[in-house]
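*Asks:* Taking this note's numbering, the leading residue of the sequence shown gets 1, the next gets one more, and so forth.
Got a structure here, written out as structure tokens. Questions coming.
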Amino acid sequence: MLELSRFDAPQQTLNITLLQCVFMGLSIKGSGACVHVNVTSSLLGSGVLEFEGSFGASSQILVAGSTLVTMSVHAIAFPEFSLGANSTLLVLDNRIEGSRYALRFSIGVVVDGGAIIVKGNTLRVTENNGAESAICVYAVVVKNGGYFDVENNAMSSVIGVWFVKRATVSSAGLLRVAECTFFGRTEFLILRWCIYRTLSLFRVEHSGVWR
Numbered sequence: 001m002l003e004l005s006r007f008d009a010p011q012q013t014l015n016i017t018l019l020q021c022v023f024m025g026l027s028i029k030g031s032g033a034c035v036h037v038n039v040t041s042s043l044l045g046s047g048v049l050e051f052e053g054s055f056g057a058s059s060q061i062l063v064a065g066s067t068l069v070t071m072s073v074h075a076i077a078f079p080e081f082s083l084g085a086n087s088t089l090l091v092l093d094n095r096i097e098g099s100r101y102a103l104r105f106s107i108g109v110v111v112d113g114g115a116i117i118v119k120g121n122t123l124r125v126t127e128n129n130g131a132e133s134a135i136c137v138y139a140v141v142v143k144n145g146g147y148f149d150v151e152n153n154a155m156s157s158v159i160g161v162w163f164v165k166r167a168t169v170s171s172a173g174l175l176r177v178a179e180c181t182f183f184g185r186t187e188f189l190i191l192r193w194c195i196y197r198t199l200s201l202f203r204v205e206h207s208g209v210w211r
């Protein structure tokens, strides 16, 4: 585990860059401070890449250009995870593969004025038992101009994007799924319950489904 609380960067933004690394499982744990974490051009040999704990206001997490393939339940997971206001999570141009989920938020996540962007990835799930999904989000709140954007991904799974419980979009927030290609046998998008409030938007745009 990489515990960010062990790094001493008082009154500064802590910058952690993992470039061209090979992981046999890695957990990165936030401590509530503002941090910039970059995982770039890296390889997951086994296990899971996890982000957990609290990442403070104006933090940035970037996972880009990496190959994250595992036999574990999920390849990238966010257990007990929170993002501070105006923070950004970027998952860009990766190959991501797990047995039941490629990318999983196992608890509710709040996007407050910042962004979660999943773009340009190849997402694959190997099991085919009826409830597997490329992207699984337990619940999400998007508010204060924040946005949750899933764009230009190729997804191979039973379900493409699954919001398990509730999505709440308010105060000029945006929840968007666009330009994705889905290879699967059931549903491209499952959104059981969504609440829209003032000036908020939910969009599904120009996505192709192949069965």
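Glycine included, every Cβ here is placed at the ideal spot set by N, Cα and C.
Note that the structure is a prediction, hence the values are computed from the model and not measured.
What residues match up with V125 in a beta bridge as DSSP calls it?
*Replies:* G98
*Asks:* Following the continuous beta strand (DSSP E) through L92, name the residue where it begins and the one where it ends.
*Replies:* T88 to L92
*Asks:* Give me the Cα-Cα distance between V161 and L4, rounded to the nearest whole angstrom.
*Replies:* 30 Å
*Asks:* Give the secondary structure of R6 by DSSP, where H, G and I count as helix, E and B as strand, and everything else as coil.
*Replies:* helix
*Asks:* Suppose you measure from the CA of I135 to the CA of L83; what does that come to, to the nearest Å?
*Replies:* Rounded to the nearest angstrom, the two C-alpha atoms are 18 Å apart.
*Asks:* Report buried or exposed for V224, applying the criterion of at least 16 other Cβ atoms within 10 angstroms of its Cβ.
*Replies:* The chain is shown from 1 up to 211; residue 224 falls before or after that span and cannot be answered.
*Asks:* So, does the region 82–96 touch the region 125–132, judging by three or more C-beta pairs under 8 Å?
*Replies:* Taking 8 Å as the limit for Cβ pairs, the verdict is that the region 125–132 does not touch the region 82–96.
*Asks:* Does DSSP put R211 in a helix, in a strand, or in coil?
*Replies:* In this prediction, R211 has a pLDDT of 49, which is less than 50 and means its spatial position is unreliable; nothing more can be read from the coordinates.
*Asks:* Considering Cα atoms alone, identify which of N15, K29 and I16 is closest to M1.
*Replies:* K29
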